[in-house]
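Sequence order for the protein chains is A and B.
Here the UniProt record's numbering is used: the first residue of the first sequence is 1, the next is one more, and so on.
Here the UniProt record's numbering is used: the first residue of the second sequence is 1, the next is one more, and so on.
C-beta: ideal position from N, C-alpha, C; glycine also.
If you're wondering where the values come from, they're calculated on a predicted model, not measured in any experiment.
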Amino acid sequence: MGPSSTSHAGTGKLIPPFPPQTQLDGLLAGAGYKVRSSDLHHVAQRLESLESAMVSSPSHVVSHLASDTVHYNPADLVSWVDSLLSELTHSHHHPSNPSSSSSSSSTSPPSRPLPVDLDDLFSVPSAAINWVQSEMPLSQQPPPPPPPQQLTVVTTMEEDSGIRLVHALMTCAELVQRGDLHLAGALVDEMTALLTSINTECGIGKVAGYFIDALSRRIVGAGSVPAPPHETEILYHHFYETSPYLKFAHFTANQAILEAFEGYDCVHVIDFSLMHGLQWPALIQALALRPGGPPLLRLTGIGPPSPDGRDTLREIGLGLAEVARSVNVRFAFRGVAASRLEDVKPWMLQVNPNEALAVNSIMQLHKLLGPDPTPIESVLSWIRGLNPKIVTLVEQEVNHNQTGFLDRFTEALYYYSTVFDSLEAACQIQPDKALAEMYLQMEICNIVCYEGAARVERHEPLPKWRDRFNRAGFRPLHLGSNAFNQASMLLMLFSTEGYSVEENEGCLRLGWHSRPLIAASAWQASPGPLPMGADDYWNDD
Amino acid sequence: MTRDKEEKRRPVLFINDHADILLEILKRLDGRSLCTAACVCRLWRALATADSVWEHLCLRRIVSPPPSSPGSSVRPVVSALGGYRRLYMLCVRHLLTRLDRDPGGRWRTSSAWDELQLSLSLFCVDYYERLGGRFGDTAATSSLMFLCKPVNV
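Structure (structure tokens):
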């Protein structure tokens, strides 16, 4: 099932999985006309002048137009309208366009509200920039706000207000990128008003609501208050329950780790983000049942320091130890409290060279891709220095680390629309779904509102991670068919059609309707000398 | 009352007198029937809720478990995590239901043993969540909630 086209509503999925690449306006293309988006403004004006000319001209001219004019290629709307208009003006010797004194108001200082008719603005997204910036000379006077029916060619969107909202969001993001924050703020108000007319319970309305909120925070400069770790963990837990993404991540990583640990009696797992430790009971149980009996399992969990004196890491460790005791697996836990991953030093992890080591990172490494100096190189370097048997990496399969704000915004809009769609289908139980959505909303806010070191949600797609890992002295470890089968079975348990697992060069990607959303891969240390600097971290600081 | 009528009223075979035969019959039932059987009388309840019957139900589809992990080594793990009856009710039952509704079956390259392994993993996560109730709210025991929803056809 390929990406749905831009034009038609009816379902909740108004956003195609990928941003449109074409220059032609999608709506008009659906009607058979080929018009470039940048020409929409021009066409709208011309059509309107045509109508006023036809209304005011004597009837013989109009009938001449209807019967004798040869219309070449009406699909090329721009030149067709132009040709009609020139015919009319020739027979008329009337100026085709009534020069309106009110048009000057459109180029007045931005403190005046935007052009009244929302249709007008949203139907010509890129042209709107030209409209409001007075330094751009317009070849003719902009028309007065036309009555809606004159623009029915470009605004068949009474029912497609979702598409208008998307266009508005793009326009606003472009304004923000240009630095025109005042106008962007006004546009946010308009969009908020538009939101009231569409369903915000599902589909585009819900996602748009979050993005509008994030944009307004960015414009105001507020940013969002980072949630305390305890709250983040609760939201994470709900996200775990209501969607298959985290379960897929955990089960796939566990399967790879299980296979890598075959034959070893002392094994050590380092988890870069322990959260509630939901990944590990399944591994403990699988190790309990492995042929030859369970090994000694050590788990080192990294997590944020807990407030108010509680040692949450230790509590999680105790719970996991209880599970291990029940199934007769020798188990030892160690917690490392660090608020940022780059603050962790390898000596804190107390790795024993005689044990098999697995490093597990579920959606953590992208936080290290911040501005220069990026910590990722040094972290990968010390991981390589630990000589792990396997490094499991699960990351969001999208590029949210582009420098340009508009590109990032567009990617995020399409990505999170898809994620929200899938969440909608997978779980209707409240309040769990709402809490899971709040978890995603935190990510959206971070991507849209922040810059620099504060922006930690810097997702990158798998090919970029491959490059990084290859440079850092790792080579890929293929996830086997067991992992694939297990993932497929897991998805089947989620009572929704639409999820799919695909295998790609030894990595598994979970997606919604053929748009991959999360990618799992495994890496092992390449044989050969360690890359420069990997050994430095063995010394105590 | 004549002796003939008394003899006719006495049943030839009273199943409750033969618990071993009853057990063999119960072992062949499906989950739903087994639960119904447990409501009949005290003897039936004792037999139908015994974990060995449910173990039989869970492992029934497995023709031959791998020699490295025979059913006997699985048993202590499952008992520790809550028993076969709970395993069936929480995980295996839903897995089998979904199985029936998925005629395409592209994942069917996995064996019944793999299915049981997946059920066990999910069961273990559930056990972990039930342990401390440390997560405070009612979300504590709902990681398997997604299994209980009706399938969207």
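Comparing alpha-carbon positions, which option in the options lies nearest residue i?
i, options, result
"A412 of chain A", "A:L183, A:D160, A:H42 and A:V207", "A:V207"
"V323 of chain A", "A:L278, A:Y415 and A:R310", "A:L278"
"A282 of chain A", "A:G480, A:K247 and A:Q350", "A:K247"
"T252 of chain A", "A:D39, A:P431, A:S514 and A:V501", "A:V501"
"H366 of chain A", "A:F272, A:E424, A:E174 and A:F333", "A:F272"
"R334 of chain A", "A:R475, A:I270 and A:Y450", "A:I270"
"P463 of chain A", "A:A520, A:Y414 and A:G480", "A:A520"
"P388 of chain A", "A:R217, A:L477, A:G205 and A:V43", "A:L477"
"R330 of chain A", "A:L299, A:S526 and A:A44", "A:L299"
"C41 of chain B", "B:I15, B:L59 and B:V63", "B:I15"
"A332 of chain A", "A:D311, A:E342, A:E497 and A:Q350", "A:Q350"
"G209 of chain A", "A:L368, A:M348 and A:V188", "A:V188"
"F370 of chain A", "A:L517, A:I447, A:N354 and A:L274", "Looking at the sequence provided, one finds Gly at residue 370 of chain A rather than Phe. Ranking A:L517, A:I447, A:N354 and A:L274 by Cα distance to G370 of chain A puts A:I447 first."
"G385 of chain A", "A:S526, A:A227 and A:H41", "A:S526"
"V344 of chain A", "A:E174, A:L368, A:R218 and A:M54", "A:L368"
When the cut-off is 8 Å and only beta carbons count, does residue i lie next to chain B?
i, result
"G319 of chain A", "yes"
"C449 of chain A", "no"
"L490 of chain A", "yes"
"residue 581 of chain A", "The structure shown does not extend to residue 581 of chain A, since chain A is modelled only from 1 through 541, so no value can be given for it."
"S52 of chain A", "no"
"Y240 of chain A", "yes"
"V323 of chain A", "yes"
"residue 544 of chain A", "The structure shown does not extend to residue 544 of chain A, since chain A is modelled only from 1 to 541, so the question has no answer here."
"S104 of chain A", "For S104 of chain A, the predicted model reports a pLDDT of 36, less than 50, meaning its position is unreliable; a value from the coordinates is still stated below. Not closer than 8 Å to any Cβ of chain B, the Cβ of S104 of chain A fails to qualify, so no."
"V419 of chain A", "no"
"A434 of chain A", "no"
"A288 of chain A", "yes"
"P281 of chain A", "yes"
"S422 of chain A", "no"
"N97 of chain A", "Because the pLDDT of N97 of chain A is 38, which lies under 50, any placement of that residue in the model is unreliable, and the question is left without a value."
"S326 of chain A", "yes"
"F494 of chain A", "yes"
"Q140 of chain A", "Interpretation of Q140 of chain A is limited by its pLDDT of 41, a score under 50 that renders its predicted location unreliable; no figure is taken from the coordinates."
"F333 of chain A", "no"
"L296 of chain A", "no"
"Q285 of chain A", "yes"
"L181 of chain A", "no"
Just checking: is the beta-carbon of residue i within a distance shorter than 8 Å of some beta-carbon in chain A?
i, result
"A139 of chain B", "Below a pLDDT of 50, predicted positions are generally treated as unreliable, and A139 of chain B, at 43, falls in that range; the measurement from the model is reported next regardless. By this cut-off, A139 of chain B is an interface position."
"H94 of chain B", "yes"
"D114 of chain B", "yes"
"L81 of chain B", "yes"
"Y127 of chain B", "yes"
"S121 of chain B", "yes"
"S33 of chain B", "no"
"L90 of chain B", "no"
"C58 of chain B", "no"
"L147 of chain B", "yes"
"R98 of chain B", "yes"
With residue i and residue j assumed to form a contact (beta carbons below 8 Å), what rounded beta-carbon distance in angstroms separates them?
i, j, result
"H276 of chain A", "E233 of chain A", "6 Å"
"N328 of chain A", "A356 of chain A", "That pair is no contact at about 20 Å."
"L297 of chain A", "V267 of chain A", "6 Å"
"C91 of chain B", "S119 of chain B", "4 Å"
"Y264 of chain A", "P295 of chain A", "6 Å"
"Q285 of chain A", "S121 of chain B", "6 Å"
"L47 of chain B", "L29 of chain B", "Not really, about 11 Å apart at Cβ, beyond 8 Å."
"C449 of chain A", "A184 of chain A", "In fact, because the Cβ distance is near 13 Å, the residues do not count as touching under 8 Å."
"D126 of chain B", "L99 of chain B", "That pair is no contact at about 20 Å."
Residue i touches chain E at which residues, Cβ-Cβ below 7 Å?
i, result
"S72 of chain B", "Considering every chain present, this structure includes no chain E. Its protein chains are A and B."
Q.
Would you call the segment 336–350 of chain A in contact with the segment 298–315 of chain A, where contact means no fewer than 3 C-beta pairs closer than 8 Å?
A. yes
Q: Could you say if the segment 230–246 of chain A and the segment 374–392 of chain A meet the contact criterion of at least three C-beta pairs nearer than 8 Å?
A: no
Q. Would you call the segment 317–333 of chain A and the segment 224–237 of chain A touching, i.e. three or more CB-CB distances under 8 Å?
A. no
Q) Fully enclosed by the segment 392–441 of chain A, which alpha helix (DSSP H) runs are 4 residues long or longer? A) 405–426
Q: Within the segment 467–501 of chain A, note down every full alpha helix (DSSP H) run reaching 4 residues or more, in order along the chain.
A: 481–493
Q: Write down every uninterrupted run of the beta strand (DSSP E) in the segment 243–307 of chain A whose length is 3 residues or greater and which is fully enclosed by it, in chain order.
A: 266–271 and 296–303
Q) Taking contact to mean at least 3 C-beta pairs separated by less than 8 Å, is the segment 481–494 of chain A in contact with the segment 357–365 of chain A? A) no
Q | Any 3 or more C-beta pairs closer than 8 Å across the segment 396–411 of chain A and the segment 456–473 of chain A | A | yes
**Q.** Sufficient close CB pairs (3 or more, under 8 Å) joining the segment 418–425 of chain A to the segment 175–192 of chain A
**A.** no
(Q) Is it the case that the segment 45–64 of chain B contacts the segment 18–34 of chain B, given that we only count it when at least three CB pairs across the two stretches are under 8 Å? (A) yes
Q | Touching by the beta-carbon criterion (3+ pairs, under 8 Å), the segment 197–205 of chain A and the segment 432–444 of chain A | A | no
Q.
Suppose only complete runs of 4+ residues qualify. What are the alpha helix (DSSP H) ranges in the UniProt domain "F-box" (11–57) of chain B, listed by chain order?
A. 19–26, 31–37 and 42–48
Q | Those runs of the beta strand (DSSP E) which lie wholly inside the segment 309–391 of chain A and span at least 3 residues | A | 331–337 and 356–362
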